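Data block below; observations after.
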Amino acid sequence: MARINSINNRRGDSGQRRPLCSVRLLLFVVLFVIILPLLIWVQAQYYEAIISSSSVIASDGDVVVNRNNGASSSSTTTPTTIAYAISLIKCSDFQSSTSGLLDAATILRHSIHKQSIRTPSSGSKYDYKLYAIVHTNAASCSNILSDLGYEIIVKDSPVQAEEIWGEYLRKHIHKEWCCGSDEFVKLLAYTILDHPIVVHTDIDFMYVKPMDDLYDAMLLPSSEEGGRLARERIEMEYPDKVMPEKIDAFLTRDYHQVIPGRKAAFQAGFIVLRPDMDTFHRYLEIIREGNYVEGFSRENGWGGKGYGGVVGSMAMQGLPAYFYDEIKPNTSVELNGCRYNHMGADIFYDDVPNFIRKYKDLHGKCRRNVEGCEDCRKTDVELIKNIHFTNCRKPWNCAGKGGTQKGYIDPRTADYDHCMKVIRKWHEMRTDLEDSIKEITGDTAVFDGQKGEYKKDIFMGHCNDDGQDGYIPISASKDAMATAAEQIWSVKW
1 MARINSINNR RGDSGQRRPL CSVRLLLFVV LFVIILPLLI WVQAQYYEAI
51 ISSSSVIASD GDVVVNRNNG ASSSSTTTPT TIAYAISLIK CSDFQSSTSG
101 LLDAATILRH SIHKQSIRTP SSGSKYDYKL YAIVHTNAAS CSNILSDLGY
151 EIIVKDSPVQ AEEIWGEYLR KHIHKEWCCG SDEFVKLLAY TILDHPIVVH
201 TDIDFMYVKP MDDLYDAMLL PSSEEGGRLA RERIEMEYPD KVMPEKIDAF
251 LTRDYHQVIP GRKAAFQAGF IVLRPDMDTF HRYLEIIREG NYVEGFSREN
301 GWGGKGYGGV VGSMAMQGLP AYFYDEIKPN TSVELNGCRY NHMGADIFYD
351 DVPNFIRKYK DLHGKCRRNV EGCEDCRKTD VELIKNIHFT NCRKPWNCAG
401 KGGTQKGYID PRTADYDHCM KVIRKWHEMR TDLEDSIKEI TGDTAVFDGQ
451 KGEYKKDIFM GHCNDDGQDG YIPISASKDA MATAAEQIWS VKW
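FYI, my numbering numbers position 25 of the sequence shown as 25, with every residue one higher than the one before it.
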């Protein structure tokens, strides 16, 4: 009996523990069914808050995470890529030697890299891809651009002279600076549709600061903080003007050519544009129509609206000015030409051109017809965003003298001391590339290009005499340059 009672007692104890098992089961259910999912949700909200604090909405609606001081990348960590395009219409001209043009394309490429997300110290959030629009006339000398990382687009001019209906334009376009109707290949920049923005410049160009504000203003609505702040920081030629909600282009004007009472031409060496096939075809329609009035009156030029009478007005100096003023008004923004596309040119009515003698009351006044016009010949170089080497001459031409002789820095249109500072910027960029080549490859031959003694404080050893013939090209070997292209300019964000 004792044995049976003992068993019954244990069973009785077991019966008393059943409520405890039920409680444990209940706690297990609460933990895994309610509390654990709640913790996971809270953690997810925490990380989402972190991500959203450094994210923006891309133009295609994807969330892109900002890295590297605001640099954007998509869910695949790819930032927005800007297309940088140049046009090569002929292999050389009297302004530059072939070696000079090659080095110009190399340093332009390096300057783009230095102002992109691939150089963290730039603070830029945009990546880049390079394009070279090559006229069929220059196809034979375009291979080296491919080696530098440019994607080559070989095309003939989209409009031939014989296609133009207007008699005057058809018969005279071939005489226009620099290249007649061949210069219309620049319009092919509008057809590079794989990117939201295309920046087209001449080869004699260099970037010294990022242009993120321009890109943000084009890609982000002004109602968003990012778009609004970008617009506020952009330096316009006419700050009181209201920017259009949708910006299709940023450009500058050639004020140093302005004739009193005439329209300012577009400066064809720089434009930031929104690629668009309709825009491209509208341009071609205007060219084929050929409504260009000869002469220098207020009714000359494109559409008889005064867009003519200056160098390049029949081609890419006059046409885009007419297009964005008359055909697509309120879609472009004119930038401060002393900061963007800086040429260091005189934009006052002084002693050049000689017609100024006829307008004595205008002497010394601004060609923009405003008071307090900034003198681009004296702009602080630290304020400049990018440089177009025209009035200050080409850095690879070793122009170290001032005067009115051919090839010298003309004191009538430029300031010698300012030009020396601007030209030094290019040689500093070249030296930066040369130092990087030596550091990565160990190729000391690159320093053979720094042995020149002519004005070494300006040209940094890249010139041994004044003029084109005094220039010493980049001396790195082909293998070293290939390594540089692979390592220096690779994707590093």
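From the three backbone atoms N, C-alpha and C, an ideal C-beta is built for every residue, glycine too.
Because the structure is a prediction, the values reported are computed rather than measured.
- Annotated three-state conformation of D127 is strand, per DSSP.
- In the three-state DSSP reduction, N391 falls in the coil class, being neither helix nor strand.
- Comparing alpha-carbon positions, the option among F184, I112, S157 and V208 lying closest to G149 turns out to be I112.
- The continuous alpha helix (DSSP H) containing F280 extends over residues M277 to E289.
- Distance between C179 and Q160, taken at the CA atoms: about 12 Å.
- In the DSSP assignment, K155 falls outside any alpha helix (DSSP H) and within the unbroken beta strand (DSSP E) covering Y150 to K155.
- The Cβ atoms of V446 and K455 lie no closer than 7 Å to each other.
- About 11 Å separates the Cβ atoms of G309 and E299, ruling out a contact at the 8 Å cut-off.
- Boundaries of the beta strand (DSSP E) around H200: V198 to T201.
- Annotated three-state conformation of N143 is helix, per DSSP.
- In the DSSP secondary-structure assignment, V293 is bridged to G301.
- DSSP, read as helix, strand or coil, puts A264 in coil.
- Inside the segment 313 to 338, DSSP marks whole beta strand (DSSP E) runs of 3 or more residues at positions 332 to 334, from first to last along the chain.
- The C-alpha of H363 lies about 18 Å from the C-alpha of A264.
- When C-beta atoms of the segment 314 to 328 are compared with those of the segment 283 to 290, three or more pairs fall below 8 Å, so the two segments count as touching.
- Nearest to T252 by alpha-carbon distance, out of L108, I107 and N386, is N386.
- Straight through space, the alpha carbons of T431 and Y471 are spaced by roughly 14 Å.
- Looking at the DSSP output, N386 shares a beta bridge with Y207.
- Around the beta-carbon of P320, 16 or more other beta-carbon atoms lie within 10 Å, marking it buried.
- Judged by pairs of C-beta atoms under 8 Å, the segment 124 to 133 touches the segment 77 to 84, as three or more such pairs exist.
- For R253, the enclosing beta strand (DSSP E) begins and ends at A249 to R253.
- If the five residues before and after C373 are omitted, its C-beta is found closer than 6 Å to the C-beta atoms of C366, all from its own chain and listed in chain order.
- If you draw a straight line from the Cα of W165 to the Cα of M277, it is about 22 Å long.
- Across the set I259, D457, Y349 and M206, the C-alpha of M206 shows the shortest separation from the C-alpha of Q115.
- Going by C-alpha positions, V208 is about 21 Å away from V333.
- Taking the Cα of G304 as reference, the smallest distance to any Cα among E294, G312 and E453 is reached at E294.
- Within the DSSP bridge table, the entry for I82 names Y128 as partners.
- Burial check for F296: the Cβ neighbour count within 10 Å stays below 16, so the residue is exposed.
- For C419, the enclosing alpha helix (DSSP H) covers residues Y416 to T441.
- Judged by beta-carbon spacing, H462 lies within the 7 Å limit of H427, meaning their Cβ atoms are closer than that value.
- DSSP places G308 outside any alpha helix (DSSP H), giving it a letter other than H or E.
- From the listed residues C338, D361, Q405 and D350, the smallest Cα separation to V381 is found for C338.
- Counted as a single uninterrupted DSSP element, the alpha helix (DSSP H) harbouring E167 occupies residues E167 to H172.
- Boundaries of the alpha helix (DSSP H) harbouring D213: D212 to L219, taken from the DSSP string.
- For I153 against K186, the beta-carbon gap comes to about 12 Å, at or over 8 Å, which does not count as contact.
- For the set L335, F266, D254 and D375, the Cα lying nearest the Cα of Y322 is the one of F266.
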